[in-house]
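Novice: One structure coming up, written as structure tokens, with questions to follow.
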Amino acid sequence: MIRFYNTLSGKTEEFKPLRPGQVGLYTCGPTVYDYPHIGNYRAYIFEDILKRFLIFSGFKMTHVMNITDVDDKTIKGANVLGLSLNDYTKKYIEAFFEDLKVLRILPADYYPRATEHIEDMVRMVRGLLDKGYAYLKDGSVYFSLIRFPDYGKLSKINKEELKAGARVESDEYEKESVYDFVLWKKARPGEPCWETELGPGRPGWHIECSAMSTRYLGPTFDIHCGGIDNIFPHHENEIAQSEAYYGQKFVNYWLHCHHLVVDGEKMSKSKGNFYTLRDLLARKIDPVDLRYFLLSTHYRKMLNFTFDNLEQAKASRQRIIDFVYVLQHQPLPETSQTESASALVASALSNFQDSLADDLNISAALAALFEFIREINSRLARNELSRQAADQVLTAIYQMDKVLAVLPEKKEEELPAEILKKIEQREQARREKNFALADSIRQELLQQGIVLEDTREGVRWKKIN
RNA sequence: GGCGCGGUACCCAAGCGGCUAAGGGAGAGGUCUGCAAAACCUCGAUUCGUCGGUUCGAGUCCGACCCGCGCCUCCA
């Protein structure tokens, strides 16, 4: 049984998709006005683990992630550079897809862009007007909260208390009530706009997700994800728009991931603790180490990014990598003592799966993996593992890695001929018991980020950063 | 003011009423090794922010308090 914590109910619930074996998933994507920061990627990696786990569990996924390519920030950015909206966002959209690849985030089935779904949004806004949930004022359309009594059910926000809130900024647009939010913004000079039956203008932010999610997944779908900061107002507004328009439940399970902070504080450009993936790559951080770091803490817990914590994650991941390497390369006896290994493999896999099934308890899942590694290593040290058993273990590890995606690519990395020559020179020196030379070569290669390990089966090298 | 999250060993982090409080990192000792590295073995919290309460039994439930953090119409 798979269980998830549902923000809507505030409880952990059994997961039952609308259609057996199939899951519709919508995840809030980037606003492409700049490079995403590593906090954004925490959310996307959480969603990736969720999706990979559901696939691992046998579900067929339909995953939609929106790309917000028209909003105040993209418009402003484009205007500053004197570019068209499309020319401006293109660069960031491409960068986003590159980042997803290096972080091993599985691609969504659809990446709808707001600018390509104006019609869907207009249809919905039109419908909301017709049903009396929205009103037109001064060329813009607003959603009226007093017409939607369920408002606040996701964020547990009380409408009456909203006005007592810390910040009630008056929007530049005219609303009947401060809580109302904009569905359609009338055209203004210097801003891109679309000629529609609502009049010239552009969509508000919230309507985009309502229109595009239901366009691809239907009026009611299974899972909607995002960061906790999206609960209010974004997701609350999505519910209001969608349920008012379709007259049925919008989303069954709302899953939200907590924030990433840096040195205990929220990332902000002014504090100088703001990192994009590119910043870290420039510092020679292995993106898969970052992936491991971001996934290794439960998604509903605040995660503190520090370089020290990243180092710890790297070391943990290296333990898994070394384990796999040894199993693949160490000559092992053929004698089949596989039975006891089969039991270990089975229990490791089931512990791993059961842990993730419990609201993605990644810590427990990783503990299952590491316990398994220690147990098998122990047998290896006592020379009690056969080739067949090792292969079974490897199969299990790679299965778990279908969810984690932290193991090195299968293809063997090549070293430059020059380095290989050094390694051979050192081997020669060792044979001649010229350990001073051997050690100096090892030291030299270490400077270049290559670690040499002498094993019974010969020298092994690995790269470090 | 409202809503919410967290405080478990040097660091990260599970456990959410009942076997000796998972797992990873760092550290200490040992085995192996020319030396390293990796790996294995051993050690490491009489104790879970504090104080009360409930219970046969509490990190785990209840209350109060102390610290840190987030959100309250830009935000993953």
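Here the numbering used here is used: the first residue of the first sequence is -4, the next is one more, and so on.
Just so you know, even glycine gets a beta-carbon here, dropped at the ideal spot from N, CA and C.
As the structure is a computational prediction, the values presented were derived from the model and not from experiment.
(1) Can at least three beta-carbon pairs, one atom from the stretch 63 to 70 and one from the stretch 303 to 316, be found at a separation below 8 Å?
(2) Glu366 to Leu178, Cα distance in whole Å?
(3) Enumerated in chain order, which unbroken segments of the alpha helix (DSSP H) with a length of 4 residues or greater are wholly contained in the stretch 268 to 321?
(4) When the distance is taken between beta carbons, is Arg437 closer than 8 Å to Arg451?
(5) With 16 as the cutoff for other CB atoms within 10 Å, does Asp449 come out buried or exposed?
(6) If you run the structure through DSSP and keep just helix, strand and coil, what is His251?
(7) When DSSP labels each residue in this structure, what does Phe143 get in the three-state scheme?
(8) Looking at the strands, I want to know which residues DSSP matches up with Met56.
(9) From the DSSP secondary-structure annotation, give me the bridge partner or partners of Arg108.
(10) Under 8 Å, with one C-beta from each stretch per pair, do the stretch 361 to 377 and the stretch 293 to 308 reach the 3-pair mark?
(11) Which whole-angstrom value describes the C-beta separation of Asp217 and Leu20, a residue pair presumed to lie in contact below a C-beta threshold of 8 Å?
(12) With DSSP run on the structure shown, which of helix, strand or coil describes Glu167?
(13) Have a look at His253, Val283 and Tyr270 and flag the residue whose alpha-carbon is nearest the alpha-carbon of His293.
(14) Buried or exposed: Leu471, going by 16 or more other Cβ atoms within 10 Å of its Cβ?
(15) Considering Cα atoms alone, identify which of His251, Trp456 and Phe318 is closest to Leu402.
(16) Quick one: using the 10 Å Cβ neighbour count with 16 as the cut-off for buried, is Pro102 buried or exposed?
(17) What does a CB cutoff of less than 6 Å around Thr271 pick up in its chain, not counting 5 residues either side in sequence?
(18) Rounded to a whole number of angstroms, what is the C-alpha to C-alpha distance between Gln325 and Ile280?
(19) Does the Cβ-Cβ distance between Arg121 and Leu255 come in under 8 Å?
(20) Between Lys417 and Ser208, what straight-line distance do the alpha-carbon atoms span, to the nearest angstrom?
Specialist: This is what the structure gives:
(1) The answer is no - the stretch 303 to 316 does not touch the stretch 63 to 70, with fewer than three Cβ pairs under 8 Å.
(2) 52 Å
(3) 272 to 277 and 282 to 290
(4) no
(5) exposed
(6) strand
(7) coil
(8) DSSP output for Met56 lists Val18 as bridge partner(s).
(9) Paired residue(s): Ile62.
(10) no
(11) 7 Å
(12) Here the model assigns Glu167 a pLDDT of 46, short of 50, so the residue's position is not dependable, and the following value carries that caveat. Looking at Glu167 - three-state DSSP - the assignment turns out to be coil, as it is neither helix nor strand.
(13) His253
(14) Nothing about residue 471 can be read from this structure; the chain reaches only from -4 to 460.
(15) Phe318
(16) exposed
(17) Tyr30 and His32
(18) 29 Å
(19) Here Arg121 is not near Leu255, since their CB atoms are 8 Å or more apart.
(20) 57 Å
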